[in-house]
Amino acid sequence: MRRMILAAAAALTLVAGPALAAGEAEHPRQQKWSFDGPFGTFDRGALQRGFLVYKEVCSSCHAMQQKAYRHLANIGFSEEEIRAIAAGYKVMDGPNDEGEMFERTARASDRFKRPFANEKAARAANNGAYPVDLSLIVKARHDGANYLYSLLTGYKAPPPGKTVGEGMHYNPYFPGGQIAMGAPLNADAVTFADNTPATVEQMAKDVTSFLAWAAEPEMESRKRMGVQVMLFLIVLSGMLYAVKRKVWADVH
Amino acid sequence: MAHGTPPTQLTNPLMRWVEHRMPVFAFMDQHLNKYPTPRNLNYFWNFGSLAGIILVIMIVTGIFLAMNYTAHTDYAFNSVERIMREVNYGWLIRYIHMNGASMFFIVVYIHIFRGLYYGSYKSPRELLWILGVVIFVLMMATAFMGYVLPWGQMSFWGATVITNLFSAIPVIGPEIVVWMWGGFSVDNPTLNRFFALHFLLPFVIVGVVILHLVALHTHGSNNPLGIDKKGPQDAIPFHPYYTVKDMFGFAVFFVFFAAFVFFAPNYLGHPDNYIPANPLVTPAHIVPEWYFLPFYAILRAVPDKLGGVALMFGAIAVLAVAPWLDTSKVRSAAFRPVYKILFWVFAVCCVVLGWVGAMPAEGIYLTIARIASAYYFIHFLVILPILGKVERTLPLPTSISAAVLKQGSGMVAGAPAEKP
Ligand code: HEM
């Protein structure tokens with residue numbers, strides 16, 4: 001039995017490898033997140049503030065194609081609030097019975113309106129750089145949440161000797177050290193409904209939480225189910241072990 | 253096989269009717285119930301049935317995934333995200349399938365190393381072992397093609413790197429690659445055929461598993477002592493002893509499995525696969541799934557492409573001929589003091605290969621990969637043949653029951669000896 005566990009542990013050390021292949025960038029600063037750990041949950045206040053930051057700041061460049069307005073119900077917005085948020089956007093629909101495309105007000109069932117029609121348009125507006133879709137960004141980077149927070153708060157003057165290219169910005173957390181996105185967050189860029197002061201750190205933290213939820217909307221139910229499944233399996237293992245001992249008692 | 257004789261006096265007329273025409277109940281009685289099994293199997297003998305249950309889990313979850321998956325380069329990535337977000341419990345099905353592949357390899361690797369340690373591949377179980385190697389190869393092909401399906405960055409670039417290996421074959425290599433791709437790069441035709449094959453191969457695996465079991469039941473299980481059963485006192489019926497032990501093993505393993513599925517579902521994967529495939533952007537490091545890393549390390553250890561490919565496939569092929577490379581008459585490492593040590597050296601060598609496989613192929617990593625690759629082959633091609641001839645093995649016990657009973661009396665304190 002002990003050897004079985006050892007063997008499993010040995011197998012696991014095999015996988016510790018890929019985590020190191022990050023390229024030359026500073027290691028993300030580790031933050032405490034409410035969604036860390038097996039009992040972690042999302043903080044609804046942070047998610048709603050984070051949505052505001054995305055909506056007011058990031059959404060002018062970054063799409064979130066996996067998200068629809070109706071998904072916001074999951075982070076505590078009411079149906080009316082969601083309808084009102086969607087109503088703030090016009091989306092292309094059609095063709096209608098005359099074969100024409102037409103614009104209409106967005107509905108709760110629409111995906112988040114994307115800022116650019118396609119990748120080419122996005123690049124044209126951003127000096128050739130592509131603002132990636134943010135729906136999965138937290139899952140698509142190593143140590144995603146800490147990386148994102150560090151990136152958003154990590155802009156500073158380049159150290160002496162380091163030159164930054166035309167239209168690029170120094171950021172030690174981005175692989176290679178220079179990124180085409182200028183520091184997106186400035187203090188008081190948004191006004192939070194709950195009066196939380198909109199510092200750069202606060203906004204970065206909240207938008208990261210929001211994007212963590214966007215990437216793994218199932219996380220809370222997954223962990224909750226996980227705890228129940230684990231408890232069940234551990235009790236089951238114990239019971240089966242007792243049965244096994246009883247059955248085997250006459251063999252030794 | 254019992255010739256239609258009911259195992260117990262069957263009373264149910266329908267069962268009697270069936271039994272008379274096709275003796276399924278006698279068959280089941282013989283292979284699941286009475287089947288004589290060595291009385292001394294340890295927990296390493298749980299891993300075969302564990303692999304079986306995982307195969308079933310993979311097929312069941314895979315079929316539900318396939319109901320919602322779209323095999324087209326424009327839709328594949330989004331269809332997987334739709335499974336994760338919109339399909340009821342889609343995230344659970346997908347995470348079980350995704351982590352199930354890793355669990356499958358963990359279990360099968362332990363199963364293989366068990367065979368190496370206790371000499372289970374030796375006569376009369378060579379064919380059983382070879383069928384196992386065939387299953388292993390089929391699993392690798394299935395997992396490789398499955399990993400391509402979500403059409404993320406690692407899917408695409410992994411597929412590109414691995415299919416390109418075949419271009420190393422002299423003369424016809426480039427033609428073969430175009431034929432496999434169904435075009436001039438990894439693209440929609442490639443994705444479609446990979447999906448078709450990924451759906452098919454698990455059922456081929458089921459077929460080979462059945463053959464594996466037929467071979468197993470011909471001579472029965474080997475055991476930790478590596479000696480044959482001498483009589484009925486060495487065996488116990490499969491049911492209830494090993495059915496209950498296997499059940500207990502399943503439950504414990506599912507705890508381990510569930511920990512990944514529910515609390516670290518992406519720990520064993522690569523974040524780049526959540527970036528949609530982009531043929532114009534190459535990831536900084538293209539790394540395969542962890543279970544391929546030892547073989548990937550061998551591939552990259554060789555400076556010549558054809559040589560690397562040959563050695564990588566050779567690393568699997570050499571497993572298949574292990575029964576003839578190992579010249580020792582004694583099966584179990586328990587009675588082979590030198591082999592016992594060298595077995596662990598070999599195991600460490602495989603772990604080291606897995607580790608360097610994840611590192612960039614340069615500098616010190618490359619040197620380590622070369623040494624470990626060389627040792628991998630030395631173990632099979634030099635150590636096994638010579639050691640079997642020169643090693644002084646320990647005296648074997650006269651029978652399984654003799655050894656177990658002696659051990660049993662010495663172990664009273666720890667053993668579940670008394671009936672409750
Ligand atoms: C009949 C049985 C199977 C069916 C129908 C099936 C079906 C699928 C489908 C539709 C996908 C794509 C969706 C997804 O990625 O989540 C997939 C992915 C995958 N499958 Fe299977 N599968 C089967 C058996 C297996 C087996 C036996 C293995 C491995 C030993 C395997 C390994 C994988 C892997 C590694 C992935 C990629 C997971 C990911 O990263 O998303 N599959 N499979």
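Protein chains in written order, with the working numbering: chain S, 1 to 252; chain X, 253 to 672.
From the three backbone atoms N, C-alpha and C, an ideal C-beta is built for every residue, glycine too.
Quick caveat: nothing in here was measured; it's all calculated off a predicted structure.
query: Strictly under 7 Å for the Cβ-Cβ distance: is Ser-237/S near chain X by that measure?; result: yes
query: Have a look at Met-274/X and Val-312/X and give me their C-alpha separation to the nearest angstrom.; result: 28 Å
query: Should Val-400/X and Ala-411/X be called a contact, given that it needs their Cβ atoms to be closer than 7 Å?; result: yes
query: If contact means a Cβ-Cβ distance below 7 Å, which residues of the segment 218-236 of chain S contact chain X?; result: Glu-218, Arg-222, Lys-223, Met-225, Gly-226, Val-229, Met-230, Leu-233, Ile-234, Leu-236
query: If the criterion is Cβ atoms closer than 7 Å, does the pair Asp-498/X and Ser-301/X meet it?; result: yes
query: Let me make sure I understand the geometry here. Which of Ala-655/X, Ile-593/X, Val-656/X has the alpha-carbon closest to that of Leu-636/X?; result: Ile-593/X
query: Go ahead and label Pro-376/X buried or exposed: buried means 16 or more other beta carbons lie within 10 angstroms of its beta carbon, across all protein chains shown.; result: exposed
query: Restricting to Cα atoms, I'd like to know which of Thr-191/S, Leu-152/S, Ala-187/S, Ala-189/S is closest to Ala-180/S.; result: Leu-152/S
query: What residues from chain S crowd round Pro-290/X, counting only those whose CB sits closer than 7 Å?; result: Ordered by position in chain S, no residue passes the 7 Å Cβ test against Pro-290/X, which lies about 11 Å from the chain.
query: Per DSSP, which one or two residues make a beta bridge with Arg-111/S?; result: Ala-68/S
query: May I ask you to report which of helix, strand or coil DSSP gives Val-460/X?; result: helix
query: Can you list the residues of chain X that His-169/S reaches, using a CB-CB cut of under 7 Å?; result: By Cβ distance, chain X contributes nothing, its closest Cβ being about 20 Å from His-169/S, past 7 Å.
query: Taking a cut of 9 Å between CB atoms, which residues from the segment 459-479 of chain X lie near chain S?; result: none
query: Alpha carbon to alpha carbon, how far is Thr-289/X from Cys-601/X? Give it in angstroms, no decimals.; result: 33 Å
query: Just the C-alpha distance for Ser-653/X and Ile-305/X, rounded to the nearest angstrom, thanks.; result: 30 Å
query: Taking just the CA atoms, how far does Pro-159/S sit from Leu-449/X?; result: 53 Å
query: Tell me the DSSP secondary structure of Ser-653/X in three-state form.; result: helix
query: Listing by chain order, which chain S residues have their CB less than 7 Å from the CB of Ile-527/X?; result: Ala-140
query: Could you give the uninterrupted runs of the beta strand (DSSP E) lying entirely in the segment 168-212 of chain S, keeping only those of 3 residues or more?; result: none
query: Compile a chain-ordered list of the residues in the segment 491-517 of chain X whose CB is closer than 8 Å to at least one CB of chain S.; result: Pro-492, Tyr-493, Val-496, Lys-497, Met-499, Phe-500, Ala-503, Val-504, Phe-506, Val-507, Phe-508, Ala-510, Ala-511, Val-513, Phe-514, Phe-515, Pro-517
query: How is Ala-21/S classed by DSSP in three states: helix, strand or coil?; result: Bear in mind that the predicted position of Ala-21/S carries a pLDDT of just 35, short of 50, making it unreliable; the figure below should be weighed with that in mind. The answer is coil: DSSP assigns Ala-21/S none of H, G, I, E or B.
query: Please state the DSSP three-state secondary structure of Ile-364/X.; result: helix
query: I'd like the ranges of any alpha helix (DSSP H) spanning at least 4 consecutive residues and lying wholly in the segment 33-96 of chain S.; result: 44-56, 79-87
query: Decide if the segment 344-356 of chain X is in contact with the segment 429-443 of chain X; the criterion is three or more beta carbon pairs, one per stretch, under 8 Å apart.; result: no
query: Suppose the cutoff is 7 Å on Cβ atoms and the five residues either side in sequence are ignored; what does the same chain contact list for Phe-299/X look like?; result: Val-359, Ile-362, His-363, Arg-366
query: What residue range does the alpha helix (DSSP H) around Arg-644/X cover?; result: Segment: none, Arg-644/X is in no alpha helix (DSSP H) and carries neither H nor E.
query: Looking at C-beta atoms only, is the number of pairs between the segment 69-80 of chain S and the segment 131-148 of chain S that lie closer than 8 Å three or more?; result: no
query: Mind checking Ser-60/S: buried by the 16 CB within 10 Å criterion, or exposed?; result: exposed
query: When you compare only the Cα positions, how much space is there between Asn-440/X and Pro-575/X?; result: 42 Å
query: Could you check whether the Cβ of Trp-576/X sits closer than 7 Å to any Cβ belonging to chain S?; result: no
query: Quick check: what's the CA-CA separation for Pro-149/S versus Lys-156/S?; result: Residue 149/S is actually Tyr in this sequence, not Pro. If I take the Cα positions, the gap works out to 14 Å.
query: When DSSP labels each residue in this structure, what does Gly-566/X get in the three-state scheme?; result: helix
query: With a threshold of 7 Å between beta carbons, is Trp-409/X in contact with chain S?; result: no
query: I need the straight-line Cα distance from Glu-119/S to Ala-63/S, nearest angstrom please.; result: 10 Å
query: Beta-carbon within less than 8 Å of Met-101/S's beta-carbon, same chain only, minus the 5 sequence neighbours each way: which residues are those?; result: Met-92, Asp-93, Gly-94, Pro-95
query: Kindly say whether Glu-427/X, judged by its beta-carbon, lies nearer than 7 Å to any beta-carbon of chain S.; result: no
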